[in-house]
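Chemist: Supplied in structure tokens, the structure appears directly below.
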Amino acid sequence: MNNPYLPDVATINEIIQETHNIKTFRVVLNNETRMQEFDFSPGQVGQLSVFGVGESTFVINSPPTRKEYLQFSVMQVGEVTTRLHSLQEGDQIGVRAPLGNAFPIESMQGKDILIVGGGIGMAPLRTLLLTVLDRRDEFGDITVIYGARSPQDLCYTYEFDMWRSQGANLVLTVDNEFPDWDGRVGFVPAVLTEEAPSPKNKVAITCGPPIMIKFVLKGLKDLGFEDEQIITTLEKRMKCGVGLCGRCNIGTHYVCVDGPVFTYAQLQALPSEL
Amino acid sequence: MSLLEEIKAKIKEELPGLDCVIGWKQGFDPLHATPHFMRTEQDVDQLIINPLCVQNLATYLPGMKERKVGVLVRGCDSRSVVELLQENLIKRENVVIFGLTCNGAVDLAKVKNEIGFLGRVNQVSFEQGYMQVKTPQQDYRMELKDMLLPRCQTNPYSSPVLFDHFFGQPEDASACGQGGSANLERLENMGLEERFDYWQYHLDRCIRCYACRNACPMCVCRDHCIADTRDPHWLTQETDVQQKWMFQLIHAMHLAGRCTECGECERACPMDIPILSLRQKLNREIKELFAYQAGVDPKAVPPLLTFKVEEANINERGW
Amino acid sequence: MAAKTYLTHEDIAKWLEDMSAGARVLAPARVDNAVLFVPFDQHNELVLEHKATAPPKQAVFPQTETLLKYRYSKDPEHPETQSLEIREALPQDKTVVFGCRPCGARGFVIYDRVFDSDTLTDPYYKARRENTAFITLACDTAENTCFCHWVGSHPADPEGSDIVLCPVEGGYVAESVTKRGQELLDQAPGRAATSKQEEEASSIQDRVRKDLGEAPDISSVPASLLQLFDNLDFWNDVSAKCISCGACTYLCPTCYCFNITDEASGLTGKRIRTWDNCMSYLFTLEGSGHNPRMTKAHRLRNRVGHKFSYYPELHEGLFACCGCGRCIQHCPVAVDIREIILRAKESADEQSISA
Chain A
22 MNNPYLPDVA TINEIIQETH NIKTFRVVLN NETRMQEFDF SPGQVGQLSV
72 FGVGESTFVI NSPPTRKEYL QFSVMQVGEV TTRLHSLQEG DQIGVRAPLG
122 NAFPIESMQG KDILIVGGGI GMAPLRTLLL TVLDRRDEFG DITVIYGARS
172 PQDLCYTYEF DMWRSQGANL VLTVDNEFPD WDGRVGFVPA VLTEEAPSPK
222 NKVAITCGPP IMIKFVLKGL KDLGFEDEQI ITTLEKRMKC GVGLCGRCNI
272 GTHYVCVDGP VFTYAQLQAL PSEL
Chain B
60 MSLLEEIKAK IKEELPGLDC VIGWKQGFDP LHATPHFMRT EQDVDQLIIN
110 PLCVQNLATY LPGMKERKVG VLVRGCDSRS VVELLQENLI KRENVVIFGL
160 TCNGAVDLAK VKNEIGFLGR VNQVSFEQGY MQVKTPQQDY RMELKDMLLP
210 RCQTNPYSSP VLFDHFFGQP EDASACGQGG SANLERLENM GLEERFDYWQ
260 YHLDRCIRCY ACRNACPMCV CRDHCIADTR DPHWLTQETD VQQKWMFQLI
310 HAMHLAGRCT ECGECERACP MDIPILSLRQ KLNREIKELF AYQAGVDPKA
360 VPPLLTFKVE EANINERGW
Chain C
18 MAAKTYLTHE DIAKWLEDMS AGARVLAPAR VDNAVLFVPF DQHNELVLEH
68 KATAPPKQAV FPQTETLLKY RYSKDPEHPE TQSLEIREAL PQDKTVVFGC
118 RPCGARGFVI YDRVFDSDTL TDPYYKARRE NTAFITLACD TAENTCFCHW
168 VGSHPADPEG SDIVLCPVEG GYVAESVTKR GQELLDQAPG RAATSKQEEE
218 ASSIQDRVRK DLGEAPDISS VPASLLQLFD NLDFWNDVSA KCISCGACTY
268 LCPTCYCFNI TDEASGLTGK RIRTWDNCMS YLFTLEGSGH NPRMTKAHRL
318 RNRVGHKFSY YPELHEGLFA CCGCGRCIQH CPVAVDIREI ILRAKESADE
368 QSISA
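See below:
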């Protein structure tokens, strides 16, 4: 019988220091068959275990189209993430994945994609972006508005050229002026409003700090986006990851099962307990 | 005007200047009273004061933050208010103390031992030192002084030690401080191994609900408690006796010199574990060492919250 | 369903003794001032007159259980490397729970729908559930705090039990509910119940139901609670006296929230599941410091909401409450959940009238 609490043992193959407090981990499940058969959809998450310390939830950051490894980007915040950050390549961790629901890719086909991300919020969006880029023909224009507090807080900088070359229109911004930055300056919601993308035949997906999401949602609504056209991912304290332990629910919906991906329309229908 | 009417009138008078006044009202059955937050005149009309009003209302005060509230206290729970003041956990100008005299509060555990089953009580009344309980099967009559809570038996302060308004005659409260702590005496007469077995036996049934901690007026750190934290990782989340006993010992230590022996911890325990004696023991030690009792003098500084170069009763070096 | 059996108290004692040979038999006995489900011991008097202090929840859902054990090992030749081994620790016991009330056994009907559903099987729960039999006593007394009839149950409700024993003079009239129950009953000493005994059992049941009184209609409560979700005045009011402990949660036969923590001991350790309490501040506290349920008003709203609104909405109207009343009896400040849901019903009606 499948035991939903039992993680797979995995090895850390590569660690990339994205920013001063974010590291990206590329892991491979030790069991080769399990790794080959591992199937997931963009948006789904996994629980990483550091045994003896605990588990924490992270989005599977790599797309299902690039399965040489599973990638997770981790911001150092608490006990588990601090221990994760102290691990080296070759160390063993546990992976319990995939959990949760996925971005509704099928409903996005044939449409233009607008991705609006802030800071570590780019993690789930990267999964979606790379999936969409790998299936380029199925989608229209792809625009990414990505901002962070400073140039040092931007993640995946080493991939920006690849995103551009594969067909994404990339708008980068930082919150304030910086000496070594000659790009756009402004908060992500402000840049969104300036870019003024049309809602016609478009789907907007956003993720970032709660305050950013709040203003991005407002910005999108002001631009004329309908509730069904806006998608976001939620974060909650999670333990079981399978909708049982009672922690991550918003009313009847468990963020670990019915989420973390929600449309704005769905969020409006739920009680407001974010 | 009866005493209750007098109290209600005073509360109604003070109500406009206060966020609420905390008292008691009738609970879910004749044996139970429940805390009551009075904001309107109709609320005040529901106020009851009788030996079944067992809850120590001071426990709500730290949560009231900057709001100005009134609270009803008796001798024993007025000490909790004073202790909170001593530790600057509440501000004097934010609390209006309605002081009551009291003839004792009922220990439902003792009533249960007397009548066996508390689930079908139809009526409870008090008169002339007796408590009458009616069930469908039988009527019971017991002496109130035999049915009192541990705090009634050990707390010698029959009148509130601090108050803004006082109701009743001081000589009414004669029941306080009679009887002592049977559990503590029994423990003191045990050898160390026997005591260890005693606590292993009793704590085995603890379910780590922390009713004891949350009912305590002094446990203002309940949301950041050593029992739940992983940094430092003093306790695991397992339910073996070791963890539970460790928690009780830590709790008792954290209350040393602060516990006013209101006994809510023991009363709140759904498993009837006699934990009050741990705290009473520490208080006894504090009294011997520092000649100090918690929650009596608002100006006093609790001995473990201060430092003296020379202590009157501690002479380790024989100087 | 086979014919009913009459068992005397002596029959019961022998039956429990026999069953103890092949399974862990848990029965209510006195433990100091409490009555708890403990392994049956002949010398320990059974306390069956009224419901036990705690329900038999631990038989199927223990307060602590090990999910897995792990071990890191280092190769002395290559100390910079490590290997990791994890092993699940599935339960193996067979248990018979004797002497619980219908409310206690029925709690697991609520668990079953989430722990063993079409989409998810919790193997630890399933292993215990499948190997635990419930021999339930129907109630012959209704307590002031009993409200099983509000939530679709009754004092002799067989749902969740394998055998139901109805008290009569000198013993019980037993009726099996499941095949497993029948197998157990076949092993019991006893004789066929007479029709007079069956009538006696029946009339006692009628009396108890009468004692319980009328149940109010709470079918609109799920919608009322949702309507009141943003009404923090209401929730602040009903939660004012709550002290946010876990007495109600841990004594509730239907509460199933849990925590998963790792307990390490050098290079080895275990991952354990323990009961957790949604009334605690820490329950939903996120690493960033944000807490969606920051005050006790929010947490009580979630607790009552889960039991009387969210769960019924997901599970065909079944309330996640069995009406045993332990939360009311053991709450240190006498919070009464019946009062809360009735007030919710009333307040929501008023809110919609004024809207």
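Residue numbers (this note's numbering), protein chains in the order written: chain A, 22 to 295; chain B, 60 to 378; chain C, 18 to 372.
Each residue gets a CB set at the ideal place from its N, CA and C atoms; glycine is no exception.
1. Taking the straight line between their C-alpha atoms, what separation do you get for Glu-94/C and Ser-100/C?
2. Take Gln-68/A as the anchor and find which of Gly-161/A, Glu-256/A and His-274/A has the nearest alpha-carbon.
3. Establish whether the CB of Leu-265/A and some CB of chain C are separated by less than 7 Å.
4. What residues match up with Gln-85/B in a beta bridge as DSSP calls it?
5. Between which two residues does the beta strand (DSSP E) containing Met-201/B stretch?
6. From the DSSP output, which residues share a beta bridge with Ala-31/A?
7. Please tell me whether Pro-73/C has its Cβ less than 7 Å away from any Cβ of chain B.
8. Under 7 Å between the Cβ atoms of Ile-114/A and Ser-83/A?
9. Taking only beta carbons into account, state which residues of the region 314 to 339 of chain B come closer than 9 Å to chain C, listed in chain order.
10. May I have the straight-line CA-CA distance separating Ile-141/A from Glu-333/C, to the nearest angstrom?
11. Under 7 Å, Cβ to Cβ, is there at least one residue of chain C near Phe-87/B?
12. Against Ala-168/B, what residues of chain E qualify as contacts under a CB-to-CB distance less than 9 Å, listed in chain order?
13. Can you have a look at Tyr-298/C and say buried or exposed, based on whether 16 or more other CB atoms are within 10 angstroms of its CB?
14. Where DSSP assigns a beta bridge to Glu-105/C, which residues make up the other side?
15. Pick from His-95/B, Ala-327/B and His-313/B: whose alpha carbon is nearest that of Leu-341/B?
16. Would Val-225/C and Pro-172/C qualify as a contact pair, given that the criterion is a beta-carbon distance under 7 Å?
17. Cα-Cα, which of Leu-268/C, Glu-303/C, Arg-310/C and Pro-56/C is closest to Ile-271/A?
18. The beta strand (DSSP E) spanning Cys-228/A covers which residue range?
19. Drop a sphere of 10 angstroms on the beta-carbon of Phe-114/B, count the other beta-carbons inside from all chains shown, and report buried for 16 or more, exposed for fewer.
20. Helix, strand or coil: how does DSSP classify Lys-340/B here?
21. My understanding is that Ile-66/B touches Val-80/B, with C-beta atoms under 8 Å, so please give their C-beta distance in whole angstroms.
22. To the nearest whole angstrom, what separates the beta carbons of Thr-284/A and Glu-249/A, a pair I think is in contact under 8 Å?
23. Counting only Cβ pairs nearer than 8 Å, list the residues of chain A close to Ala-281/C.
24. If you measure between the beta carbons of Ala-232/C and Trp-167/C, is that distance less than 7 Å?
25. Can you tell me which of the three DSSP states Phe-292/C falls into?
26. Could you please tell me which residues of the region 294 to 305 of chain C, in chain order, have their CB closer than 8 Å to any CB of chain A?
27. So which residues on chain A does Val-131/C lean against when the C-beta distance must stay under 8 Å?
28. Taking only three categories from DSSP, how would you classify Met-311/C?
29. Just list the beta strand (DSSP E) runs in the region 158 to 202 of chain A, keeping only unbroken ones of 3 residues or longer that don't cross its boundaries, in chain order.
30. Starting from Arg-264/B, trace the beta strand (DSSP E) both ways and give me its first and last residue.
31. Kindly give me the distance between the Cβ atoms of Thr-153/C and Ser-178/C, rounded to whole angstroms, as I take these residues to be in contact under 8 Å.
32. Who are the Cβ neighbours of Asn-153/B in its own chain at under 6 Å, not counting the five residues just before and after it?
33. Comparing the C-beta of Ser-261/C with each C-beta of chain B, is any distance below 7 Å?
34. With a threshold of 6 Å on Cβ separation, who are the neighbours of Val-126/C within its own chain once the five nearest residues in sequence on each side are excluded?
35. Determine the direct distance from the alpha carbon of Ile-108/B to that of Leu-63/B, and round the result to whole angstroms.
36. If you measure beta-carbon to beta-carbon, which residues of the region 322 to 349 of chain C are closer than 9 Å to chain B?
Modeler: The answer reads as follows:
1. Taking the third sequence and counting its residues from 1, one reaches residue 94/C at position 77. Taking the third sequence and counting its residues from 1, one reaches residue 100/C at position 83. Answer to the nearest angstrom: the Cα atoms are 13 Å apart.
2. Reading the first sequence from its first residue, position 47 is the one you call residue 68/A. It is Glu-256/A.
3. As a position in the first sequence, residue 265/A is number 244, starting the count at 1. Yes - at least one Cβ of chain C is within 7 Å of the one on Leu-265/A.
4. Position 26 of the second sequence holds residue 85/B. Bridge partners of Gln-85/B: Ala-92/B.
5. Taking the second sequence and counting its residues from 1, the one referred to as residue 201/B is at position 142. Looking at the DSSP string, the run of the beta strand (DSSP E) that includes Met-201/B is 198 to 202.
6. For this step, residue 31/A is matched to residue 10 along the first sequence. DSSP lists Leu-50/A and Ile-114/A as partners of Ala-31/A.
7. In the third sequence, counting from the first residue as 1, residue 73/C sits at position 56. Pro-73/C does not count as touching chain B.
8. Within the first sequence, numbered from 1, the residue matching residue 114/A stands at position 93. Within the first sequence, numbered from 1, the residue matching residue 83/A stands at position 62. Not a contact, by the Cβ cut-off of 7 Å.
9. Glu-323, Arg-326, Ala-327, Cys-328, Pro-329, Met-330, Asp-331, Ile-332 and Pro-333
10. On the first sequence, residue 141/A is found 120 positions in, with the first residue counted as 1. On the third sequence, residue 333/C is found 316 positions in, with the first residue counted as 1. Going from the Cα of Ile-141/A to the Cα of Glu-333/C covers about 40 Å.
11. Taking the first residue of the second sequence as position 1, residue 87/B is located at position 28. Judged by the 7 Å Cβ criterion, Phe-87/B is in contact with chain C.
12. Going by chain labels, chain E is absent from the structure shown, which instead holds the protein chains A, B and C.
13. On the third sequence, residue 298/C is found 281 positions in, with the first residue counted as 1. So Tyr-298/C ends up on the buried side.
14. If you number the third sequence from 1, residue 105/C lands on position 88. Partner(s): Leu-85/C.
15. In the second sequence, the residue the question calls residue 341/B occupies position 282. Among His-95/B, Ala-327/B and His-313/B, the Cα nearest to that of Leu-341/B belongs to His-313/B.
16. Start at 1 with the first residue of the third sequence, and residue 225/C comes out as number 208. Start at 1 with the first residue of the third sequence, and residue 172/C comes out as number 155. Yes, the Cβ-Cβ distance between Val-225/C and Pro-172/C is below 7 Å.
17. As a working mapping, residue 271/A is identified with position 250 in the first sequence. For Ile-271/A, the nearest C-alpha among the options comes from Arg-310/C.
18. Mapped onto the first sequence, residue 228/A falls at position 207. Per DSSP, Cys-228/A belongs to the beta strand (DSSP E) from 223 to 228.
19. Mapped onto the second sequence, residue 114/B falls at position 55. Residue identity check: residue 114/B is Gln in the sequence provided, not Phe. It is buried - the Cβ of Gln-114/B has at least 16 other Cβ atoms within 10 Å.
20. By 1-based counting over the second sequence, the position of residue 340/B is 281. Correct three-state label for Lys-340/B: helix.
21. Counted from its first residue, the second sequence places residue 66/B at position 7. Counted from its first residue, the second sequence places residue 80/B at position 21. At roughly 10 Å, the Cβ-Cβ gap does not stay under 8 Å, so Ile-66/B and Val-80/B are not in contact.
22. In the first sequence, the residue the question calls residue 284/A occupies position 263. In the first sequence, the residue the question calls residue 249/A occupies position 228. Rounded, the Cβ-Cβ distance is 6 Å, consistent with contact.
23. The residue you call residue 281/C lines up with position 264 of the third sequence. Phe-72, Gly-73 and Val-74, listed in chain order.
24. Taking the first residue of the third sequence as 1, we reach residue 232/C at position 215. Taking the first residue of the third sequence as 1, we reach residue 167/C at position 150. Yes, the pair counts as a contact, with Cβ atoms nearer than the cut-off.
25. Here residue 292/C corresponds to residue number 275 of the third sequence, with the count starting at 1. Residue identity check: residue 292/C is Trp in the sequence provided, not Phe. Note: Trp-292/C maps to strand in three-state DSSP.
26. Cys-295, Phe-300, Thr-301, Leu-302, Glu-303, Gly-304 and Ser-305
27. For the purposes of this step, residue 131/C is identified with residue 114 of the third sequence, where counting begins at 1. Residues of chain A passing the Cβ test: Gly-264 and Leu-265.
28. Here the question's residue 311/C lines up with position 294 in the third sequence. Of the three classes helix, strand and coil, the one that applies to Met-311/C here is coil, per DSSP.
29. 163 to 169 and 190 to 195
30. The residue you call residue 264/B lines up with position 205 of the second sequence. No beta strand (DSSP E) contains Arg-264/B, which DSSP labels as neither H nor E.
31. For this step, residue 153/C is matched to residue 136 along the third sequence. For this step, residue 178/C is matched to residue 161 along the third sequence. About 4 Å separates the two Cβ atoms, so the contact holds.
32. For the purposes of this step, residue 153/B is identified with residue 94 of the second sequence, where counting begins at 1. Excluding residues within five positions, the ones whose Cβ falls inside 6 Å are Lys-127.
33. In the third sequence, residue 261/C corresponds to position 244, counting from 1. So yes, Ser-261/C belongs to the interface.
34. If you number the third sequence from 1, residue 126/C lands on position 109. Closer than 6 Å at Cβ, skipping near neighbours: Glu-176 and Gly-177.
35. If you number the second sequence from 1, residue 63/B lands on position 4. If you number the second sequence from 1, residue 108/B lands on position 49. Near 7 Å, if we compare the C-alpha coordinates of Ile-108/B and Leu-63/B.
36. Gly-342, Arg-343, Ile-345, Gln-346, His-347, Cys-348 and Pro-349
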